[in-house]
Amino acid sequence: MHCPVIKWYLLSTIFLFDISLNFINCQTCTPLNTWPIIKPNWSNCSVLSDGTFTINNIHAEFLYISTSMDNEYINAQRWEDLIATHMPHLRIFDIQHKTSLFGNIINGETCQDLMNRFATLFWTKRKWFFTHQLYYLDSSNYGVFYSIQPYSANEITFGKNLWIFRDLIMNISNSMISLSQITKITINSEFICFSNIIKMLCSIPNCKELMLTSLSLERIDSSSLQCTEDFQSLSHTNNITNITIKSCDFKRVQLLVNLFPRLQHLHINELQQEFQSIIKYLLNTNENTRYLHSLFIRSISKIWIKKRKNIITEIKQQNDVSVKLPGDFGCYFWWK
């Protein structure tokens, strides 16, 4: 029997009947200090809660928890005691906990201390691993502590408001994820300097797909950046073939092409200007664009909307290229 999402206070009604549940998903509406569960045939329990709880004597194999604010949910010792005593059959422990950082001093050492508590033999021998992210918003700051599946993960996503601290690369390397199996990286933040992205990619050799919001150079001259050891090394070793970027200009397109010479597909969602220059540059075969064979650009610029057909006509006259116009603002080019 599948049980839908229910409120804690309704569970007492269910307990009056001798039914067999394979899965239960609960959401609290009022905090409870103690709530004993005595259903030995349960095998799957999911809890979304804002209150503290105690689970007694269940044969659960899967536990999914999404919580916020109450930091007792990231008390590693309490979980160890609870699982060892009352949940000996547990195979999957999946948690996501969000906590406010407002008014608190949160730094790399604080987060690393938390990670260390969840990295003892109790957790590692069960192959339960965890990581965290810090988010810095205008009105408040918060952090998310969550489970990871190191043996199946093949992509990493960084949130929109992620703040990258100095030890980013070290934290990723120590996160129990095998970086060699990562093939896709999504970076939704606009605050990550491109030099940090380069350093990160140096540690992820098999990445093939990169999704970016923008390229922040933080007043770094692009020519100087291309002369750095990291840039030179990555340009010779990376395997990235597919890039999607929200916003980009001609200078940054050149930077991408020089850094990723095996690029095959480029997707630009918001192109504001330099349409013809970018298109002509990418269609002009050179050492760093020899593998590139498709380009999608989209722009809501009035100039683009007005001149799109004329630009495309000129491009087609000068190049052996196929063109498709999806919608009013997009343009898809592909060639051999």
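Numbering-wise, the sequence shown is residues -26 to -1, 1 to 310 according to mature numbering (1 follows the signal peptide of the UniProt record, and there is no 0).
Ideal placement from N, C-alpha and C gives every residue a C-beta, glycine not left out.
Problem set entry | Inter-residue spacing [alpha-carbon to alpha-carbon] between F165 and W102 | 31 Å
Exercise. Is the region 237 to 247 close to the region 255 to 275, with three or more CB pairs under 8 Å?
Worked result: yes
For this session: Please state whether DSSP places D68 in a helix, a strand or coil.
Result: strand
For this session: Going by CA-CA distance only, name the one from E192, L266, T160, Q292 that's closest to I219.
Result: T160
Problem set entry | Member of D294, N262, G304 whose CA lies at the smallest distance from the CA of K280 | G304
For this session: Please report the Cβ distance between I217 and F234, rounded to the nearest whole angstrom; I am assuming they are in contact, meaning their Cβ atoms lie under 8 Å.
Result: 7 Å
Problem set entry | Anticipated Cβ contact below 8 Å, S268 with F224, distance rounded | Between F224 and S268 the Cβ distance is about 19 Å, and since that is not below 8 Å, they are no contact.
Problem set entry | Inter-residue Cα distance where the pair is W309 and D294 | 7 Å
For this session: Let me know the secondary structure DSSP gives I57 once reduced to three states.
Result: helix
Exercise. What three-state label does DSSP hand Y265 in the structure shown?
Worked result: coil
Exercise. Contact check, M61 vs A34 under 8 Å by CB: the rounded distance?
Worked result: 6 Å
Problem set entry | Limits of the beta strand (DSSP E) - the one that V297 falls within | 296 to 298
Exercise. Tell me the DSSP bridge mates of V118?
Worked result: K72, Q107
Exercise. For F104 versus I130, is the C-beta spacing smaller than 9 Å?
Worked result: no
Exercise. Quick one: what's N216 bridged to in DSSP?
Worked result: E183, H239
Exercise. If you count every other CB in all the chains shown that lies within 10 Å of the CB of G117, and 16 or more means buried, which is it?
Worked result: buried
Exercise. If you check the beta carbons only, do S209 and I242 fall under 9 Å apart?
Worked result: no
Exercise. So who's on the other strand from W308, going by DSSP bridges?
Worked result: S268, S296
Problem set entry | CA-to-CA distance, T84 to S74, given in whole angstroms | 14 Å
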